[in-house]
Structures are given as structure tokens and as C-alpha cells.
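Counting from -16, one number per residue, gives the positions in the sequence shown under my numbering. All C-beta atoms, glycine included, are put in the ideal place defined by N, C-alpha and C.
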Amino acid sequence: MEHGVDTAWLVDHHTEDFTASYAVQHWLDVAAQQKTVAITLRELAPFDKRLGTTQQAYEKAFAGVVNRILDEGYQVIALSTCTGIDSYNKDDRMVALNLRQHISDPARYHVVMDELNDLEMGKILGACELTVGTRLHSAIISMNFSTPAIAINYEHKSAGIMQQLGLPEMAIDIRHLLDGSLQAMVADTLGQLPALNAQLNEAVSRERQAGMQMVQSVLERIGEVK
């Protein structure tokens, strides 16, 4: 048994050979117009019961965070890692659209409706200053593309990943979202981006290295079994 890493760390950046689709280029252009924070949302069920909250309370609380980000002079792009394709019946885009009714300046709140792969999502997240993610996968992709991420922790996975990176303060318990205190935490984080970026780049480089070694080790073992 050996220590593994999430494979989202291993998404290659394709710096030399990436050609943005029309949709991706559109969002890169939007992000270039004004400082941008990305968010990811989700339908909380089945966790809502255990957390003692409701989808409505979660959405209102998240809208409060978005409004604070807008107050700080940023625009917000809502991305979705889970969309209603094939038999998957949860679509994060619907949650993002629902949020709009609570947003103070809807013109600066953009919901990405396009289907994106991990690389395309990484390119867009990489053009943002910060990601506030309910989906852990989005937080990892964001950090892999050099954008700090706050992971909202409703299970224990987010806390473990951030601990491993040496950034435990970037995993925030969902209670801090629901009681409103995440708003100030996000504003503080936006004020500390240069220091955070330096710390993040070092941590991500270590994690990617560990991931590559893990893959190498698995391949070697498969070779031995043959």
C-alpha cells in the first residue's frame, strides 16, 4: 500500500498545443476584462439532512459570498464540474442559475452553460484570481492551474487534501458558509493572493511529482504481473 494523490493533479496543461474552442475563448475573454473569482456549486442532497440545512439556505449563503466578492471589485464566473449528461441527473448549472435571484449585480455574475473537459476548465480557472469551490474536483483543477482555491468542506476529503498541501486554512467547513463568516474569509484571502500564490506553486509542484511517481509505480507493478 502506498500514499496516492487525486488524479486531477495530473491534468497536463498543454501549454504548447492548446487551441481554445469558441466557448472557452469567450470565457477567457470575459475573465480578461476584469479581475475574476470562479465558483462551483452543487445540489447538496443527500448531505443536506446530515448537515442540518436546506438547499435554499446553502444557495442564499453562497449568494452572500458572491455579493461580497462583487463588493470587493471582482466579477464572478460560475463553472460546473457536474452537468446533466448521460444518466447523471445532477446539474450544477441549475444551482448556479438559481443563485442569480439573490445576486446584487447580475451583470457581473456569469454562469458557464458549456460542457467543458478538465483541461478547458483548468484554462478558465487559471485565468481567475481565486476559486471558491463546493466541488473538490474544481478546487484541485484550479490549484493545478496555479489559481488558489478555497474548498468548502462538507465531507472530510477537502480537509485531507488541503492538509496534504500544507494549506489547511483553505478547507473551510460548510458551517462557515452557512453562518456568513466565509464572506470575510474570502475577502481576507483576496487580500493575501501574492503570498498565497507562492506557497501554492511550491505545494502543487510537490503533489504533481508525487502523482507522477504513483503512476510510474503502478505501471512498473503492472509490468511485473505480466
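Mark residue i as exposed unless 16 or more other C-beta atoms lie within 10 angstroms of its C-beta, in which case mark it buried.
{"i": "L183", "result": "buried"}
{"i": "N100", "result": "exposed"}
{"i": "S188", "result": "exposed"}
{"i": "A14", "result": "buried"}
{"i": "M(-16)", "result": "Reliability of the predicted coordinates at M(-16) is poor, the pLDDT of 43 falling under 50, and the value obtained from them is presented with this limitation in mind. M(-16) comes out exposed."}
{"i": "A110", "result": "buried"}
For residue i versus residue j, is the C-beta distance shorter than 8 Å?
{"i": "A134", "j": "L119", "result": "yes"}
{"i": "E55", "j": "A170", "result": "yes"}
{"i": "I157", "j": "V(-6)", "result": "no"}
{"i": "T64", "j": "S121", "result": "yes"}
{"i": "A40", "j": "L176", "result": "no"}
{"i": "V78", "j": "R25", "result": "yes"}
{"i": "Q58", "j": "R91", "result": "yes"}
{"i": "I155", "j": "N127", "result": "no"}
{"i": "V20", "j": "A61", "result": "no"}
{"i": "L113", "j": "D88", "result": "no"}
Put residue i into one of helix, strand or coil per three-state DSSP.
{"i": "I124", "result": "helix"}
{"i": "T130", "result": "coil"}
{"i": "I86", "result": "coil"}
{"i": "M197", "result": "helix"}
Mind checking which residues open and close the beta strand (DSSP E) that includes residue i?
{"i": "G116", "result": "113 to 116"}
{"i": "Y92", "result": "92 to 94"}
{"i": "G21", "result": "The residue asked about is misnamed: residue 21 is Ala in this sequence, not Gly. 19 to 23 is the span of the beta strand (DSSP E), which, as asked, contains A21."}
What residue range is occupied by the uninterrupted alpha helix (DSSP H) comprising residue i?
{"i": "Q58", "result": "Run containing Q58: none in the alpha helix (DSSP H); it sits in the beta strand (DSSP E), 58 to 62."}
{"i": "I107", "result": "101 to 109"}
{"i": "D162", "result": "Per DSSP, D162 belongs to no alpha helix (DSSP H) and is neither H nor E."}
{"i": "A154", "result": "No alpha helix (DSSP H) contains A154, which is instead part of the beta strand (DSSP E) from 154 to 156."}
{"i": "R76", "result": "75 to 82"}
{"i": "Q16", "result": "5 to 16"}
{"i": "V48", "result": "38 to 54"}
{"i": "Q146", "result": "140 to 148"}
{"i": "L34", "result": "30 to 34"}
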